[in-house]
Amino acid sequence: MRWQFQNSSRIPYIIFTLRMLCYFFVWIALGVGIMGEATGEWRRDMQQLYTLVCSFFVVAVSVISMVAFLSNKKYLHVIQISGFLFSIPLALYQYGTIFGTNGLQIAIWIGVSTYFMGAVGFNAILWLYSKVFKHDGSEFNRLDGMLRFKRRFRRLFVAPFDEFDPVLQLLPSGYGSHDYALWLHHRYTDNKVCLATRVHSLGLDKANALAFWDCLQRYMDVTQPLPDLPVLEPSRPLDPVTAEHDRHTGRDPHYWRKRTYQGWPAKERKELDRRLHGYPWQQQPCIVRARIDPGLSIEAYYRRQEAKGIFATPRADDFNDEH
370 MRWQFQNSSR
380 IPYIIFTLRM
390 LCYFFVWIAL
400 GVGIMGEATG
410 EWRRDMQQLY
420 TLVCSFFVVA
430 VSVISMVAFL
440 SNKKYLHVIQ
450 ISGFLFSIPL
460 ALYQYGTIFG
470 TNGLQIAIWI
480 GVSTYFMGAV
490 GFNAILWLYS
500 KVFKHDGSEF
510 NRLDGMLRFK
520 RRFRRLFVAP
530 FDEFDPVLQL
540 LPSGYGSHDY
550 ALWLHHRYTD
560 NKVCLATRVH
570 SLGLDKANAL
580 AFWDCLQRYM
590 DVTQPLPDLP
600 VLEPSRPLDP
610 VTAEHDRHTG
620 RDPHYWRKRT
630 YQGWPAKERK
640 ELDRRLHGYP
650 WQQQPCIVRA
660 RIDPGLSIEA
670 YYRRQEAKGI
680 FATPRADDFN
690 DEH
């Protein structure tokens, strides 16, 4: 059983970022065109006031659009289309057509093109990319206990999951708040992998980041059932320990698939957040430290692993002074 992710390619993240920026720049383009309609017949102070009010309004609507996109709000498209419902009649009133070389006419078509790319275009590009790209091999493998991740311009790095130490990275935002990203550092080499945007989403607070690390540990522990996550529900009958657990507890095989997207944030999510923030994280002793023999050299450790048939990217000879 494998929890796969993509570590080497940045194309999906670039496409996502460009799609998000499309919704931001639709109103920027329309705003520039509308601000250009301040005629020379207006007094200078009126032109300045008009430009100032338009600027504040356009920036505010653009930011709201980006927030609506990130939070998957349906009113995102209402905001975008309302810009066209205002600017197109204005262009028809001023010039009699939306085709031409005036600033507002050009702004309308830039806005239309940008909105199309955000709503349809980049989704189509991402779909085409998914049909031709080859998975780089990055995965958490529950069957053999290994973590594999691709390194740019280098071969796949493979090591047992319990050789990685978690590190929470604090990510300050530009609005006075902060998020957390989970990194896994290999204990015996300088290799590391960031799981943010690859396995977990951005926007996690500390409690949720720690809960995600607990989730990964339970996923890789074959003595425990799989974490009860929507993404893992189709795999639960395929894992013997999980299947036995679900049979014993009477868990509905379609528990998550019967949940509605609207009902989850209103009920279950609030209760889950309350429990996560009330849990005494990091109060238990480290079980990994108890397994590490302080008198065992790294070379001897890997020779012991290789004797068990566990072969990782680092080899025992890599830590031998003779090599």
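Be aware that the sequence shown starts at 370, since it is given in this note's numbering, and climbs by one per residue. For every residue, glycine included, the Cβ atom is placed at its ideal position computed from N, Cα and C. Only a predicted model underlies this, so the values are computations on that prediction, with no experimental measurement involved.
Write down the C-beta distance between residue i and residue j rounded to the nearest angstrom, noting that I regard them as a contact closer than 8 Å.
i	j	result
Ser434	Leu445	6 Å
Arg560	Phe526	Sequence check: residue 560 is Asn here, not Arg. Yes, Asn560 and Phe526 are in contact; Cβ-Cβ is about 5 Å, under 8 Å.
Phe491	Ile384	5 Å
Phe453	Met389	Rounded, the Cβ-Cβ distance is 20 Å, inconsistent with contact.
Arg520	Glu508	About 14 Å separates the two Cβ atoms, so there is no contact after all.
Ala580	Tyr549	Actually they are not in contact, since the Cβ atoms of Ala580 and Tyr549 sit about 11 Å apart, beyond 8 Å.
Asn471	Tyr464	6 Å
Thr466	Val395	Actually they do not touch by this definition, with Cβ atoms about 21 Å apart.
Leu399	Ala476	6 Å
Going by C-alpha distance, which of the options is nearest residue i?
i	options	result
Ile679	Gln651, Phe530 and Phe438	Phe530
Pro622	Lys519, Phe385 and Pro603	Pro603
Ser440	Arg517, Ala669, Tyr630 and Ile467	Tyr630
Leu551	Gly469, Leu537, Arg644 and Met404	Leu537
Thr558	Thr682, Arg517 and Thr592	Thr682
Ile667	Lys636, Ser378 and Arg556	Arg556
Tyr419	Val428, Ala429, Val430 and Glu406	Glu406
Cys423	Val436, Lys443, Ile397 and Lys442	Ile397
Ile380	Asp583, His504 and Ile450	His504
Ser542	Gly514, Asp574 and His569	Asp574
Arg567	Ser378, Lys442 and Met370	Ser378
Leu387	Leu399, Ile448, Ala488 and Gln375	Ala488
Arg371	Met589, Asp642 and Leu497	Met589
Tyr382	Ala565, Arg643, Asp615 and Leu645	Ala565
Val706	Glu613, Ser546 and Thr483	Within the shown structure, residues of the chain are numbered from 370 to 692, placing residue 706 beyond reach of any answer.
Leu512	Ser499, Ser570, Asp615 and Gln593	Gln593
Along the chain, where does the alpha helix (DSSP H) containing residue i start, and where does it finish?
i	result
Tyr630	Counting along the chain, Tyr630 falls outside any alpha helix (DSSP H), and DSSP gives it neither H nor E.
His614	Pro609 to Thr618
Cys655	Unbroken run through Cys655: none, as it is neither H nor E.
Ser482	Gly472 to Phe485
Gln674	Ile667 to Ala676
His646	Arg638 to Gly647
Tyr498	Phe491 to Val501
Tyr557	Tyr557 -> no alpha helix (DSSP H), and no H or E assigned at all.
State the beta-bridge partners of residue i as determined by DSSP.
i	result
Trp552	Val536 and Cys563
Met515	Asn510 and Pro529
Pro541	His547
Trp365	For the chain, the structure presents residues 370 to 692; residue 365 sits outside this window and is missing.
Arg520	Arg523
His569	Ala565
* Asked: Which ranges does the alpha helix (DSSP H) cover as unbroken runs of at least 4 residues, wholly within the segment 389 to 461, from first to last along the chain?
  -> For the segment 389 to 461, whole alpha helix (DSSP H) runs of length 4 or above, ordered along the chain, are 413 to 439.
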